[in-house]
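Engineer: First the structure, which I've put down as structure tokens, then a few questions once you've had a look.
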Amino acid sequence: MHIVSAELGNGSNVDVNKITKLINAVLQIVRIHFKIEFNEKSISYERFLTHLKFFATRVFDNTIYQDSMQEIYKVLIEENEYAYSGVRKIVEYIEKQYSYKLTIDERLYLLIHIKRILDEQSE
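Here it is, written out as structure tokens:
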């Protein structure tokens, strides 16, 4: 939790406990869905964690990140159906628990990070 607090800075209006809970829930979804254990010392895990911190902040601030990467998203889904199955689980959880609709861009970044972690697991 102190890592989340330090990276958010003092100016954030977001509750660090809420962010930590969301991050832990997403990590648990990935862990259970893919039946993996994270290598917490890996760069892929650190990048995923960093993304989740910013993602959680946007969920609680109710801000939308959009960069219109729809074509890239479509291609990556087709090529990475297994990794995307985990993204769908996360989307369902976030929409149900936090009433936050993930943009295509958010889904894309989750897909990229999950794909990296899965690739690392298979090495």
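Numbering (full-length UniProt numbering), first residue to last: 1 to 123. Glycine included, C-beta positions come from ideal geometry on N, C-alpha and C.
1. Would you identify the three-state DSSP class for Leu110, choosing helix, strand or coil?
2. Should the region 26-43 be called in touch with the region 100-107, which here means at least 3 C-beta pairs below 8 Å?
3. Please report the distance separating the alpha-carbon of Glu123 from that of Val59.
4. Can you tell me whether Thr50 is buried or exposed? The criterion is at least 16 other CB atoms within 10 Å of its CB, across all chains shown.
5. Okay, do the region 73-87 and the region 104-120 touch, 3+ Cβ pairs below 8 Å being the bar?
6. Leaving aside the five residues before and after Gln70 along the sequence, list all residues of the same chain whose C-beta is less than 8 Å from its C-beta, in chain order.
7. Can you find the residues in the same chain that come closer than 8 Å, C-beta to C-beta, to Asn10, ignoring five residues on each side of it along the sequence?
8. Just how far apart, CA to CA, sit Val30 and Arg47?
9. Taking Cβ to Cβ, would you say Ala25 is nearer than 8 Å to Tyr73?
10. Check each candidate in Thr63, Ile19, His33 and Val75 and name the one with the smallest Cα separation from Ile117.
Structural biologist: According to the data block:
1. Within the sequence shown, residue 110 is the residue found at index 110, counting from 1. It is helical.
2. No, they do not touch.
3. Indexing the sequence shown from 1 puts residue 123 at position 123. Indexing the sequence shown from 1 puts residue 59 at position 59. Those two C-alpha atoms are separated by around 33 Å.
4. Working through the sequence shown from its first residue, we reach residue 50 at position 50. Thr50 is exposed by the Cβ-count criterion.
5. Result yes; three or more Cβ-Cβ pairs closer than 8 Å.
6. Locating residue 70 in the sequence shown gives position 70, where the first residue counts as 1. These residues qualify, in order along the chain: Ile104.
7. Residue 10 sits at position 10 when you count from the first residue of the sequence shown. Since pLDDT at Asn10 reaches only 43, below the 50 mark, its modelled position is unreliable, and the value read off the structure follows with that caveat. Answer for Asn10: no residue qualifies.
8. Counting from 1 along the sequence shown, the entry for residue 30 is found at position 30. Counting from 1 along the sequence shown, the entry for residue 47 is found at position 47. So the two alpha carbons sit approximately 15 Å from each other.
9. Numbered from its first residue, the sequence shown carries residue 25 at position 25. Numbered from its first residue, the sequence shown carries residue 73 at position 73. At least 8 Å separates the beta-carbon of Ala25 from that of Tyr73.
10. Start at 1 with the first residue of the sequence shown, and residue 117 comes out as number 117. It is His33.
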